[in-house]
Amino acid sequence: MRQPEELYELDQAALSQAGDSLSGAAFLVHLEGFMDAGSAGRLVTEHLLDELSDTVIARFDTDRLLDYRSRRPLMTFDKTRWESYDDPRLEVHLLRTEDGKPVTLLTGPEPDHEWDLFVAAARSLADNLSLGMMVTYFGVPMGIPHTRPLGVMTHATRPGLVTSRAPSPGRLQVPASAAALMEFRFGESGRDAVGLVVQVPHYLSQAAYPTAALTLLDPIREVTGLELPGDALKEAAERTNALIDRQVAESTEVADLVHGLEIQWDAAASEEGNLLAEGEEMPTADELAAQFEQFLADQQRGDTPEL
């Protein structure tokens with residue numbers, strides 16, 4: 000019988016150098032390849048790796064987990080020879096906040112194979128290191144304007160962990176992801192896990208949208224209790240928003256679209272502070288599922304719609 004521990008290797012030297020225990024450290028997870036409108040989750044991950052001290056403490060066996068022919072790694076050819084190979088890495092990073100608190104981050108390509116074994120391996124790793132709450136984060140496309148605050152939906156393994164800032168879509172079926180299965184299995188084993196989902200204007204879903212990443216930072220701070228830097232993301236968001244506003248101003252069609260979404264958003268928000276007012280239309284479960292599937296299909300085709 001295959002053992003979960005066969006799928007990963009702990010870097011004992013790095014763990015020894017880290018010194019203190021990781022007991023209770025937050026376990027952030029962002030796997031590339033599934034839903035991530037506005038690249039919100041990717042931008043948060045890159046931001047944390049850039050801004051915090053970083054040590055790789057574990058590596059998963061990507062040769063067993065990935066289908067290289069479905070998403071081929073890049074190689075660089077220089078004149079007469081192959082110069083480099085960009086090997087895919089699925090790793091756990093140990094990060095340190097400015098006040099010295101540890102946080103772990105699992106990131107890399109979403110596995111193509113052996114999902115149940117991979118999830119069991121991630122749970123085994125979390126148990127071996129005595130890690131705390133698992134937190135996943137990503138963006139979903141929604142019919143909202145970029146000129147209003149973005150909502151963040153929360154799902155979790157127990158009710159006390161849910162702190163949604165946006166309405167829940169209710170019951171629906173969507174294509175599965177390895178991260179979602181991790182949350183489900185972690186909950187079955189009694190572990191706490193939270194998923195944070197930022198709503199991204201659908202017309203910006205295929206672009207890198209730093210405002211969505213910045214919006215995710217607050218609930219990540221809230222559920223983990225960590226002091227995470229945000230200045231670099233804030234600056235990137237300001238630059239991107241200026242470009243978006245300029246493009247909207249240059250297109251009557253886009254301006255009309257945004258204005259219509261603003262009217263709908265404002266009408267909904269005016270009803271007792273709720274994002275959806277009585278009489279306003281909430282996408283049905285089937286419509287949301289269709290949006291998920293369409294977004295994934297667009298990603299696979301490499302479509303990049305303009306505003």
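Residue numbering for the sequence shown follows numbering that gives the first Met the number 0, beginning at 0 and increasing consecutively.
Every residue, glycine too, gets a C-beta built ideally from N, C-alpha and C.
Model, not experiment: these values are computed from the prediction.
Which ranges would you report for the alpha helix (DSSP H) in the stretch 123-195 if only whole runs of at least 4 residues count?
Here the runs fully enclosed are 177-187.
If you run the structure through DSSP and keep just helix, strand and coil, what is L227?
Note: L227 maps to coil in three-state DSSP.
Applying the criterion that 16 or more other CB atoms from any shown protein chain within 10 Å of the CB defines a buried residue, is I143 buried or exposed?
Buried.
Looking at I219 and L232, is the spacing between their C-beta atoms short of 8 Å?
Their beta carbons are not under 8 Å apart, which means L232 does not touch I219 by this criterion.
In the structure shown, what three-state DSSP assignment does R71 receive?
In this structure, R71 counts as coil in the three-state DSSP scheme.
Name the one or two DSSP bridge partners that V28 has.
In the DSSP output, where bridge partners are listed per residue, V28 has L105 and T135.
Give the straight-line distance between the Cα atoms of D62 and P72, rounded to the nearest whole angstrom.
Each residue's Cα considered, the two are about 12 Å apart.
Per the contact definition of three or more C-beta pairs closer than 8 Å, is the stretch 145-157 in contact with the stretch 192-208?
These segments touch.
Would you grab the beta carbon distance between L105 and I56 for me? Rounded to a whole angstrom, and I think it's under 8 Å.
Their Cβ separation, rounded to whole angstroms, is 10 Å, which puts L105 and I56 out of contact at 8 Å.
Quick one: Cα of V134 to Cα of D217, how far?
Cα to Cα, the separation comes out at about 13 Å.
For the beta strand (DSSP E) containing A57, name the first residue and the last one.
It spans S52 to F59 - the beta strand (DSSP E) in which A57 sits, taken as one unbroken run.
Could you tell me the distance, in whole angstroms, from the CA atom of G224 to the CA atom of A121?
Near 22 Å, if we compare the C-alpha coordinates of A121 and G224.
Taking 8 Å as the cut-off, does the stretch 10-25 touch the stretch 67-85 (at least 3 CB pairs, one atom from each stretch)?
Too few Cβ pairs lie closer than 8 Å, so no.
So what's F117 in DSSP terms, helix, strand or just coil?
F117 falls in the helix class under three-state DSSP.
Would DSSP call M34 helix, strand or coil?
Coil.
Would you mind sorting S38 into buried or exposed? The rule is 16 or more other CB atoms within 10 Å of its CB.
Buried is the call here.
So if DSSP puts W81 in a beta bridge, which residue, or which two residues, is it bridged to?
The partner list for W81 (beta bridge, DSSP) reads F76.
Give the single residue among S176, E109, S22 and V118 whose Cα lies nearest to the Cα of E187.
It is V118 whose Cα lies nearest to the Cα of E187.
So, with DSSP's three-state summary, where would you put R41?
R41: helix per DSSP, three-state reduction.
May I ask you to report which of helix, strand or coil DSSP gives R88?
Here R88 sits in coil by DSSP.
Whose C-alpha, out of D49, V222, E113 and A24, is nearest the C-alpha of L6?
The option with the nearest alpha carbon to L6 is E113.
Between G32 and the rest of its own chain, which residues show a CB-CB distance below 6 Å, the 5 nearest in sequence each way excluded?
The answer, listed in chain order, is P108 and E109.
Taking one C-beta from the stretch 234-251 and one from the stretch 177-194 each time, how about it: are there three or more such pairs within less than 8 Å?
No contact exists between the stretch 234-251 and the stretch 177-194.
Alpha carbon to alpha carbon, how far is H46 from E97? Give it in angstroms, no decimals.
Roughly 14 Å separates the two Cα atoms.
Measure the alpha-carbon distance for L64 versus E4 and round it to whole angstroms.
Those two C-alpha atoms are separated by around 14 Å.
Under 6 Å Cβ to Cβ from E50, same chain only, skipping five residues before and after it: list those, please.
Cβ neighbours of E50 beyond the five flanking positions: P228.
So, under 8 Å CB-CB, V193 and A155 are touching, yes? Tell me the CB distance rounded to an integer number of Å.
Contact flag correct, Cβ pair sits at about 5 Å.
Taking all protein chains shown into account, decide if G259 is buried (16 or more other Cβ within 10 angstroms of its Cβ) or exposed.
Exposed is the call here.
Measure the C-alpha to C-alpha separation of A212 and L195 and round it to an integer number of angstroms.
Answer to the nearest angstrom: the Cα atoms are 11 Å apart.
Comparing C-alpha positions only, which one of R88, F137 and R95 sits nearest to S52?
Of the listed residues, the one whose Cα sits closest to S52 is R95.
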